[in-house]
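Top to bottom, those sequences are chains E and L. Read in numbering that gives the first Met the number 0, the first sequence has 251 at position 252, and its numbers run on one by one without any break. Read in numbering that gives the first Met the number 0, the second sequence has 136 at position 137, and its numbers run on one by one without any break. Following: one structure in structure tokens, then a few remarks.
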Amino acid sequence: MAEKIVTERTGPGDLWGERAPPAPGETHRLAVGPLAIWVRGVHNELWVAHACADPWEPAPEELPDAVEWSRWAMREEPHRLRVLPVFPDRPLVVKPEHPFTLLRRAQARVYMRVPPWVRLELLAGTEGTGTVLTEIPTERLSDTWWGDFQDGELAYWLRTKARRELTAELFEPHLVMSTLQLENHSEDALRVEKLALRVEHLSIYEKDGWLWAEEVRVEYRGEDEGSDIHMDDEPPREAEGARELSPARAQTRSFRARTFARLRALSGLGL
Amino acid sequence: MSAPSLLAAVQAATTDAVAFSLGRLLAAPAGLFRSVLLLAVGMPAAWLVSRWIRSYATRLYNAQKGLVAGKLVFYPLALVIVVSVLRELGFSLAPLLGAAGILGIALGFASQTSVSNIISGFFLLAEEPFRVGDVITVGDVTGSVLTIDMLSVKIRTFDNKMVRIPNESLVKSQVTTVTRFPIRRVDVPVGVAYREDIRRVRRILLEVAEANPLVLMEPEPLVLFQGYGSSSIDFLFAVWAKRESWLAVKNQITEDVKVRFDEEGVEIPFPHVSVYAGSVTEPFQVRILKDGDE
Numbered sequence: 000m001a002e003k004i005v006t007e008r009t010g011p012g013d014l015w016g017e018r019a020p021p022a023p024g025e026t027h028r029l030a031v032g033p034l035a036i037w038v039r040g041v042h043n044e045l046w047v048a049h050a051c052a053d054p055w056e057p058a059p060e061e062l063p064d065a066v067e068w069s070r071w072a073m074r075e076e077p078h079r080l081r082v083l084p085v086f087p088d089r090p091l092v093v094k095p096e097h098p099f100t101l102l103r104r105a106q107a108r109v110y111m112r113v114p115p116w117v118r119l120e121l122l123a124g125t126e127g128t129g130t131v132l133t134e135i136p137t138e139r140l141s142d143t144w145w146g147d148f149q150d151g152e153l154a155y156w157l158r159t160k161a162r163r164e165l166t167a168e169l170f171e172p173h174l175v176m177s178t179l180q181l182e183n184h185s186e187d188a189l190r191v192e193k194l195a196l197r198v199e200h201l202s203i204y205e206k207d208g209w210l211w212a213e214e215v216r217v218e219y220r221g222e223d224e225g226s227d228i229h230m231d232d233e234p235p236r237e238a239e240g241a242r243e244l245s246p247a248r249a250q251t252r253s254f255r256a257r258t259f260a261r262l263r264a265l266s267g268l269g270l
Numbered sequence: 000m001s002a003p004s005l006l007a008a009v010q011a012a013t014t015d016a017v018a019f020s021l022g023r024l025l026a027a028p029a030g031l032f033r034s035v036l037l038l039a040v041g042m043p044a045a046w047l048v049s050r051w052i053r054s055y056a057t058r059l060y061n062a063q064k065g066l067v068a069g070k071l072v073f074y075p076l077a078l079v080i081v082v083s084v085l086r087e088l089g090f091s092l093a094p095l096l097g098a099a100g101i102l103g104i105a106l107g108f109a110s111q112t113s114v115s116n117i118i119s120g121f122f123l124l125a126e127e128p129f130r131v132g133d134v135i136t137v138g139d140v141t142g143s144v145l146t147i148d149m150l151s152v153k154i155r156t157f158d159n160k161m162v163r164i165p166n167e168s169l170v171k172s173q174v175t176t177v178t179r180f181p182i183r184r185v186d187v188p189v190g191v192a193y194r195e196d197i198r199r200v201r202r203i204l205l206e207v208a209e210a211n212p213l214v215l216m217e218p219e220p221l222v223l224f225q226g227y228g229s230s231s232i233d234f235l236f237a238v239w240a241k242r243e244s245w246l247a248v249k250n251q252i253t254e255d256v257k258v259r260f261d262e263e264g265v266e267i268p269f270p271h272v273s274v275y276a277g278s279v280t281e282p283f284q285v286r287i288l289k290d291g292d293e
């Protein structure tokens with residue numbers, strides 16, 4: 000019997016949410032930006048494989064020959080498959096398109112586009128919370144370090160730049176638009192050359208097929224004090240009325256953390 | 000004082016104390032009961048207190064400092080209990096302490112190395128140059144620390160041998176803790192032919208670093224000009240990786256450089272020697288042989 004392949008894509012058409020898992024012998028292909036995911040039903044098992052093109056390239060159409068399948072055996076009862084966008088599991092470090100200086104008591108709004116991960120959840124019967132099968136990045140981001148040589152945290156490096164203006168061409172169906180409100184509460188001017196965006200604390204919303212993160216307010220208190228970070232628990236004003244798709248990984252809504260890079264970048268020599 | 004006379008003195012003092020106390024003990028069975036009670040209640044209590052101190056210090060600092068704090072509490076408490084029990088049993092402590100002093104001198108001579116190792120062990124626990132699980136290099140041995148004991152540190156080498164290093168040696172020698180800091184640098188020496196464009200080589204190397212997601216974007220990858228070598232222009236290509244990815248990055252980046260150089264036609268020269276005949280001599284005669292030529 001020829002294998003039946005059903006293709007679904009992101010975009011203003013909706014990929015996110017619940018659907019029936021593929022029946023035995025059936026394969027579903029989900030395309031999210033450069034990422035293609037194949038979900039296959041085999042007896043009472045669910046098989047998942049993925050392949051990723053370069054960023055800004057369309058997702059691969061064909062299943063690669065040497066693809067590696069992950070397999071899960073399901074209970075003998077009806078299931079639902081939930082597909083959700085989630086933020087990466089570490090902070091993201093991003094550079095503004097043009098570094099700028101935030102004068103004391105001044106504010107600035109910046110926008111960042113974040114490639115999300117795709118989470119596959121399996122829900123049995125009438126369960127509301129599912130079992131997370133896997134999370135697959137739509138783009139493999141490079142690792143980076145946020146801190147000094149002795150102490151710090153691992154982060155991802157965001158290739159896209161932070162922008163001061165929101166324009167139509169910035170929107171891509173598979174990228175989450177994240178809004179950051181920067182406020183300089185210190186007595187000194189703040190040079191914004193690099194930012195750490197704590198995406199683990201952000202939920203993802205959807206409006207008209209576009210993905211948004213809740214607004215983050217960063218109050219800079221000074222080099223030694225760090226920054227107070229507040230999550231607004233609602234979509235930004237640019238996406239008013241958006242519905243929540245996926246909750247944040249970490250539920251802390253306000254905390255203090257280092258958000259701005261020190262002026263002197265870490266020397267590759269380790270000096 | 001000679002060793003036999005020391006031993007005789009210890010024996011005499013101990014015999015006096017034991018004979019004296021046994022007499023009292025037989026006369027007062029209540030003392031025996033109290034001493035058993037002291038042991039039965041006191042030692043578990045001391046153990047519990049030290050355990051609580053240990054877990055508190057572990058929470059406050061780390062497991063190693065917790066271990067030291069626990070021992071520092073338990074041993075004095077245990078000593079107090081033992082002394083109290085001896086008193087209850089009617090032992091006169093003065094001759095015993097005298098005997099202990101003399102015995103201490105005798106034992107001290109005999110167990111200098113062990114005592115030194117024990118004291119060094121405390122220094123290691125307190126100074127904490129490494130922790131259990133760290134990878135350390137001592138002399139020509141590199142491995143993962145299994146335990147930090149009273150007398151020695153045991154490490155597991157990467158070819159799965161256990162090496163026991165006395166604490167005293169560790170305190171005296173240079174120890175490198177490989178996994179102390181969260182990020183590490185991977186150094187790859189790279190040599191290219193003299194005809195290559197240095198700026199192009201630098202750009203290719205930085206692209207190789209950027210293309211590998213395990214290479215940290217910060218601290219930035221670095222291409223450092225090392226000098227004009229005998230057969231090549233030498234660079235140090237240095238990239239940073241998180242501690243756990245260091246080995247993978249070291250392997251991958253070396254392969255990536257070779258693959259990319261091959262793609263770009265960048266020559267990695269092998270050592271060679273150019274022989275110049277000089278202007279006053281005739282050029283070397285070169286004859287090209289074909290199949291069948293002799």
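All residues carry an ideal CB built from backbone N, CA and C; glycine is no exception.
Comparing C-alpha positions only, which one of E/T100, E/D64 and E/G40 sits nearest to E/L80? E/G40
Note the first and the last residue of the continuous beta strand (DSSP E) segment covering E/D227. G225 to M230
Do the CB positions of L/R58 and L/G69 come within less than 9 Å of each other? Taking 9 Å as the Cβ cut-off, L/R58 and L/G69 do not qualify as a contacting pair.
Continuous alpha helix (DSSP H) assignments of at least 4 residues falling wholly in the region 114-173 of chain L: With a minimum length of 4 residues, the continuous alpha helix (DSSP H) runs that stay inside the region 114-173 of chain L are 166-171.
What residue from L/G142, L/W46 and L/L123 has the CA that sits closest to L/G132's CA? Selection L/G142, L/W46 and L/L123 evaluated against L/G132 yields L/G142 as nearest (Cα-Cα).
For E/D142, which residues does DSSP report across the bridge? According to DSSP, which records beta bridges pairwise, E/D142 is partnered with E/Y155.
Terminal residues of the continuous alpha helix (DSSP H) containing L/N250? W245 to E263
In angstroms with no decimal places, state the Cα-to-Cα distance between L/D196 and L/A56. 59 Å
Is there at least one Cβ from chain L nearer than 9 Å to E/D223's Cβ? no
If the cut is a Cβ gap below 9 Å, which residues of chain L does E/D53 touch? The contacting residues do not exist; E/D53 stays about 11 Å from chain L at best.
Candidates L/G100, L/I252 and L/S83: closest to L/F32 by CA position: L/S83
Does chain L have any CB closer than 9 Å to the CB of E/V92? yes
Does L/M0 come within less than 9 Å of chain E when only Cβ atoms are used? For L/M0, the predicted structure reports a pLDDT of 48, less than 50, and the residue's modelled location is therefore unreliable. A value from the coordinates is still provided. No, no contact with chain E.
Near E/R108, which residues of its chain fall below 6 Å by C-beta distance, leaving aside the five closest residues on each side in sequence? Excluding positions up to five away in sequence, the list reads Q180.
Using a Cβ-Cβ cut-off of 9 Å, state whether E/Q180 counts as contacting chain L. no
Pull out every residue of the region 131-146 of chain E whose Cβ sits closer than 9 Å to any Cβ of chain L, in chain order. Legend: CB atoms of the region 131-146 of chain E lying less than 9 Å from CB atoms of chain L belong to residues R139, L140, S141, D142, T143, W144, W145 and G146.
Contact set for E/E17: own chain, Cβ-Cβ below 6 Å, skip 5 residues either direction: Here the set comprises R79 and R81.
Should L/W239 and L/R183 be called a contact, given that it needs their Cβ atoms to be closer than 9 Å? Yes, these two residues count as a Cβ contact at 9 Å.
Where the beta strand (DSSP E) containing L/R184 begins and where it ends: I182 to V191
Under 8 Å (Cβ pairs) to chain A, residues found in the region 95-121 of chain E: In the structure shown, chain A cannot be found, because the protein chains are E and L.
Enumerate in chain order the residues of its own chain whose CB-to-CB distance from E/A249 is below 7 Å, with the five nearest sequence positions on each side excluded. E199 and H200
Classify L/Y329: buried if its beta carbon has 16 or more other beta carbons within 10 angstroms, exposed otherwise. Since the first residue of chain L shown is 0 and the last is 293, residue 329 of chain L is not available in this structure.
Apart from the five residues on each side of it in sequence, which residues of its chain come closer than 8 Å, Cβ to Cβ, to L/V322? No answer is possible for residue 322 of chain L: the residues shown for chain L start at 0 and end at 293.
Touch check for the region 170-190 of chain E and the region 96-104 of chain E: three-plus C-beta pairs under 8 Å? yes
Is the CB of E/G151 under 9 Å away from at least one CB in chain L? yes
Helix, strand or coil for L/F73? Go by DSSP, reduced to three states. helix
Find out if the Cβ-Cβ distance for the pair L/E266, L/V191 is shorter than 9 Å. yes
By the 9 Å beta-carbon criterion, what residues does the region 228-239 of chain L contribute toward chain E? A237, V238 and W239
Starting from the beta carbon of E/F148, find every residue of chain L whose beta carbon is closer than 8 Å, and list them in chain order. In chain order: F180, I182 and P218.
Where does E/W144 land, buried or exposed, given buried means 16+ other C-beta within 10 angstroms? buried
For L/Y74 and L/T176, I'd like the C-alpha separation in whole angstroms. 30 Å
The region 150-161 of chain E in contact with the region 213-228 of chain E per 3-pair CB rule at 8 Å: no
Can you give me the Cβ contacts of L/A77 inside the same chain, cut-off strictly under 8 Å, excluding the 5 residues immediately before and after it? M42 and A45
Within chain L, partners of E/W302 - CB distance below 7 Å: With chain E covering 0 to 270 only, the question about residue 302 of chain E has no answer from this structure.
Go ahead and label E/T137 buried or exposed: buried means 16 or more other beta carbons lie within 10 angstroms of its beta carbon, across all protein chains shown. By the neighbour-count criterion, in which a residue is buried when 16 or more other Cβ atoms sit within 10 angstroms of its Cβ, E/T137 is buried.
For E/N43 and E/M73, I'd like the C-alpha separation in whole angstroms. 6 Å
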